[in-house]
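According to the numbering used here, the sequence shown holds residues 1 to 559 in order.
So the structure is just underneath, and the comments pick up after that.
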Amino acid sequence: MTLDGDKKKKCIIAGVVSGLLVIMVVSVAIIASKNSPNENEIRQNTKAVKTVCAPTDYKETCLKSLMDASPKSTEPLALIKLSFNVTIKSIQEGLKKASEDVKHKADKHPEAKDAFELCEKVMNDAIADLKKCVDHKVSVDEIERFIKDLRVWISGSIAFQQTCIDTFEEIKSTLKHDMINIFKRSRQLSSNSLAMVTDLNSNATELTGAFENNARKLLSTEDGVPTWVGPEARRLMGAPGGPPVKANAVVAQDGSGQFKTINDALNAVPKENKVPFVIHIKEGVYKEKVVVTRKMPYVTFIGDGPTKTVITGSLNFGIGKVKTYLTAPLTVEGEHFTAKGIGMENTAGPEGGQAVALRVSGDYAVFFDCQIDGYQDTLYVHSQRQFYRDCTVSGTVDFIFGDSQCILQNCKIVVRKPMAGQSCMVTAQGRSDVREPTGIVLHNCHIVGDPAYIPVKTARKAYLGRPWKEFSRTIVMKTIVDDVIDPAGWLPWSGDFALKTLYYAEHLNVGPGANQAQRVKWPGIKKLTPEQALSYTGDRFLSGNTWIPRTQVPYTAGM
Numbered sequence: 001m002t003l004d005g006d007k008k009k010k011c012i013i014a015g016v017v018s019g020l021l022v023i024m025v026v027s028v029a030i031i032a033s034k035n036s037p038n039e040n041e042i043r044q045n046t047k048a049v050k051t052v053c054a055p056t057d058y059k060e061t062c063l064k065s066l067m068d069a070s071p072k073s074t075e076p077l078a079l080i081k082l083s084f085n086v087t088i089k090s091i092q093e094g095l096k097k098a099s100e101d102v103k104h105k106a107d108k109h110p111e112a113k114d115a116f117e118l119c120e121k122v123m124n125d126a127i128a129d130l131k132k133c134v135d136h137k138v139s140v141d142e143i144e145r146f147i148k149d150l151r152v153w154i155s156g157s158i159a160f161q162q163t164c165i166d167t168f169e170e171i172k173s174t175l176k177h178d179m180i181n182i183f184k185r186s187r188q189l190s191s192n193s194l195a196m197v198t199d200l201n202s203n204a205t206e207l208t209g210a211f212e213n214n215a216r217k218l219l220s221t222e223d224g225v226p227t228w229v230g231p232e233a234r235r236l237m238g239a240p241g242g243p244p245v246k247a248n249a250v251v252a253q254d255g256s257g258q259f260k261t262i263n264d265a266l267n268a269v270p271k272e273n274k275v276p277f278v279i280h281i282k283e284g285v286y287k288e289k290v291v292v293t294r295k296m297p298y299v300t301f302i303g304d305g306p307t308k309t310v311i312t313g314s315l316n317f318g319i320g321k322v323k324t325y326l327t328a329p330l331t332v333e334g335e336h337f338t339a340k341g342i343g344m345e346n347t348a349g350p351e352g353g354q355a356v357a358l359r360v361s362g363d364y365a366v367f368f369d370c371q372i373d374g375y376q377d378t379l380y381v382h383s384q385r386q387f388y389r390d391c392t393v394s395g396t397v398d399f400i401f402g403d404s405q406c407i408l409q410n411c412k413i414v415v416r417k418p419m420a421g422q423s424c425m426v427t428a429q430g431r432s433d434v435r436e437p438t439g440i441v442l443h444n445c446h447i448v449g450d451p452a453y454i455p456v457k458t459a460r461k462a463y464l465g466r467p468w469k470e471f472s473r474t475i476v477m478k479t480i481v482d483d484v485i486d487p488a489g490w491l492p493w494s495g496d497f498a499l500k501t502l503y504y505a506e507h508l509n510v511g512p513g514a515n516q517a518q519r520v521k522w523p524g525i526k527k528l529t530p531e532q533a534l535s536y537t538g539d540r541f542l543s544g545n546t547w548i549p550r551t552q553v554p555y556t557a558g559m
């Protein structure tokens with residue numbers, strides 16, 4: 001081949017290679033442009049994110065977290081659900097960092113080690129509540145209920161996150177500050193998610209059209225039970241006119257039932273249970289640590305009476321150094337739990353300090369004709385929606401406490417004799433975010449003193465409550481208040497903490513202890529109008545009409 005031929009061949013090859021390179025570059029550019037948002041999309045996404053972040057308290061965190069997550073939609077609900085996922089990821093990253101940076105320090109001290117393990121547990125519970133929000137289906141005709149569900153579950157997640165920090169605070173560990181710093185972003189993201197969902201309330205009508213494409217109708221019959229529930233489930237759910245409920249399991253210490261322990265009966269609850277599983281617990285004192293887990297929804301306990309069927313324990317923090325969260329002989333974490341005619345007690349005594357008789361963290365919990373006895377921290381209404389009717393609750397310090405959306409209706413509240421130098425506080429509500437729909441409501445109750453308390457009531461005073469957290473909310477209405485309550489009514493937690501941000505109200509109460517003439521004059525003390533008071537009734541505060549009647553428990557929807 002000639003020299004000119006070689007040059008010509010090389011030129012052809014070079015041209016072909018250059019052409020292929022150009023084609024490759026152009027192809028990559030086209031693919032990249034298809035996979036990357038254009039300027040218009042970025043502008044639209046940014047505008048939508050700014051709008052949904054507008055009501056939040058941590059706007060910079062909100063904007064950055066959502067834009068970094070590359071939103072695929074500008075719909076408000078899609079962005080809010082993206083916020084849930086971002087928060088879940090943040091908690092997971094926090095747990096990983098805590099495991100790397102804090103665990104080895106905690107392992108050196110038994111109490112701190114236990115606190116860290118509990119923190120891991122409740123943080124995973126926080127994630128579980130957020131996942132419920134992500135998975136929750138929209139109902140076109142029940143948007144308001146949909147929003148209420150999200151608010152309750154986000155608040156539940158916040159309560160679990162706060163429990164992690166409280167656990168380290170309880171043992172006065174300096175690791176508390178490490179954990180606060182690690183989970184600071186997660187807490188801000190949770191607060192932002194709650195703010196976004198709360199803001200949806202004002203736009204619910206406008207959002208109806210946006211929801212319809214991905215929504216489903218939750219059809220119900222006249223009895224309020226969804227149409228997709230079969231006849232057996234309908235009977236057990238307590239539809240009006242149905243026959244008496246038949247127990248799925250019977251617990252008896254004398255061997256006359258299928259099981260001798262309550263925990264053995266709970267182990268018989270079917271996996272992924274979706275219909276009521278009724279456990280009849282015969283008369284007896286059951287010294288067990290009973291836990292109705294998240295994997296045990298729709299469980300019903302029926303006892304032989306609140307003083308005949310008793311679940312008892314004595315775990316406590318004061319002497320036994322067991323974390324308060326873990327001291328209850330009965331713990332309820334499963335949804336749709338109902339208890340009727342059961343007693344729960346913690347026998348640690350006043351010297352045992354924090355000693356819970358019942359802790360409830362499961363949504364839609366109902367307790368009827370139950371006796372809940374203890375001293376400090378008797379009833380831990382930790383989170384979610386809870387309703388107590390015709391129950392007796394006794395204790396001394398902060399004996400009804402937690403961050404649930406909770407009503408005690410027609411209940412007897414008994415102040416017991418505390419140790420010398422102690423005061424008694426009926427409530428210590430723990431709302432830590434102003435947008436949480438949570439609070440403790442005492443409706444049509446009777447606050448009395450135990451006979452042993454009466455002789456010492458002047459020296460060891462009793463109060464309606466004190467603020468455990470910054471936005472503590474407690475309402476006492478249509479309640480008989482005996483002269484066991486000090487005229488001041490309410491007690492500070494520490495100095496002026498939360499006195500401006502709490503929300504405490506008394507409405508239409510009677511009795512010698514109900515006189516408000518000498519009550520404290522804090523900025524957070526409210527005087528309710530009749531219309532405002534209705535906001536704390538069973539129907540409005542708990543949306544109780546949609547779930548309480550099917551348990552066949554007496555229930556007053558209004559004032």
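In this text, a Cβ means the ideal position worked out from N, Cα and C, and glycines have one as well.
Distance between Leu491 and Pro455, taken at the CA atoms: about 21 Å.
In this structure, the straight-line span from the alpha carbon of Ala428 to that of Glu436 is close to 16 Å. Looking at the backbone, the Cα of Met425 and that of Phe368 are separated by about 23 Å. In the structure shown, the three-state DSSP call for Asp373 is strand. Closest by C-alpha distance to Met179, out of Phe168, Gln253, Lys172 and Val285, is Phe168. Annotation for Ala195: the continuous alpha helix (DSSP H) segment containing it runs Lys184 to Leu200.
Going by C-alpha positions, Lys478 is about 6 Å away from His507.
A straight line joining the alpha-carbon of Ile413 with that of Gly449 spans about 8 Å.
Following the DSSP letters along the chain, one finds Met67 inside the alpha helix (DSSP H) bounded by residues Lys59 to Asp68.
The shortest C-alpha to C-alpha distance from Ala265 to any of Val360, Ala247 and Ser83 is the one to Ala247. Between the stretch 134 to 149 and the stretch 336 to 353 there are fewer than three C-beta pairs closer than 8 Å, too few to call the two in contact.
Proximity to Ile127 across Lys469, Thr87 and Gln409 peaks at Thr87, based on C-alpha coordinates.
The three-state reading of DSSP puts Gly439 in strand, counting E and B together.
Here DSSP, grouped into helix, strand and coil, assigns Val291 to strand.
Taking a cut-off of 8 Å for Cβ pairs, the stretch 181 to 195 and the stretch 47 to 64 touch, as three or more such pairs fall below it. The C-beta of Ala420 has fewer than 16 other C-beta atoms within 10 Å across all chains shown, which makes the residue exposed. Apart from the 5 residues on each side of it in sequence, Lys113 sits with its Cβ closer than 8 Å to the Cβ of Ala106 and Asp107 in its chain, given in chain order. Beta bridge pairing from DSSP links Cys411 with no other residue. In this structure, the CA atom of Pro512 is about 5 Å from the CA atom of Asp483. Beta-carbon to beta-carbon, Arg385 and Pro554 are separated by about 18 Å, too far to satisfy the 8 Å threshold.
Residue state for Trp468 is assigned as coil, using DSSP reduced to three classes. When the five nearest sequence neighbours on each side are left out, the beta carbons in the same chain lying within less than 6 Å of the beta carbon of Thr327 are those of Leu315, Asn316, Ala355 and Val356, in order along the chain. The alpha-carbon separation between Thr174 and Ala459 amounts to approximately 35 Å. Excluding sequence positions up to five before and after Ala452, its CB lies within less than 8 Å of the CB of Arg416 and Lys417, all in the same chain and listed in chain order. Listed in chain order, the non-local C-beta contacts of Met123 below 8 Å within the same chain comprise Ile91, Gly94, Leu95, Phe160, Gln161, Cys164 and Phe183, local neighbours out to five positions each way being set aside. Between Ile302 and Val278, the CB-CB gap stays under 8 Å. If you ignore the 5 residues before and after Val134, its C-beta comes within less than 7 Å of the C-beta of Lys81, Phe84 and Asn85, all in its own chain and listed in chain order. A residue is called buried once 16 or more other Cβ atoms fall within 10 Å of its Cβ, and Glu333 is buried on that count. The beta carbon of Tyr463 sits closer than 8 Å to those of Ser423, Cys424, Met425, Val426, Ile485, Asp486, Ala488, Gly489, Trp490 and Leu491, all from its chain and outside the five residues before and after it, given in chain order. Under the 10 Å beta carbon count, Val510 is surrounded by fewer than 16 other beta carbons and is classified as exposed. Comparing C-alpha distances from Met67 to each of Ile154, Thr46 and Asp304 shows the shortest one belongs to Thr46.
Shown here, Phe368 sits in a strand according to DSSP, grouped into three states.
When only Cα atoms are considered, Tyr536 and Glu39 end up about 49 Å apart.
Nearest C-alpha to Lys176 among Ser157, Arg540, Val102 and Ser139: Val102. Excluding sequence positions up to five before and after His280, its CB lies within less than 6 Å of the CB of Ala247, Val250 and Ile302, all in the same chain and listed in chain order. In the three-state scheme derived from DSSP, where H, G and I count as helix and E and B as strand, Leu528 is classed as coil.
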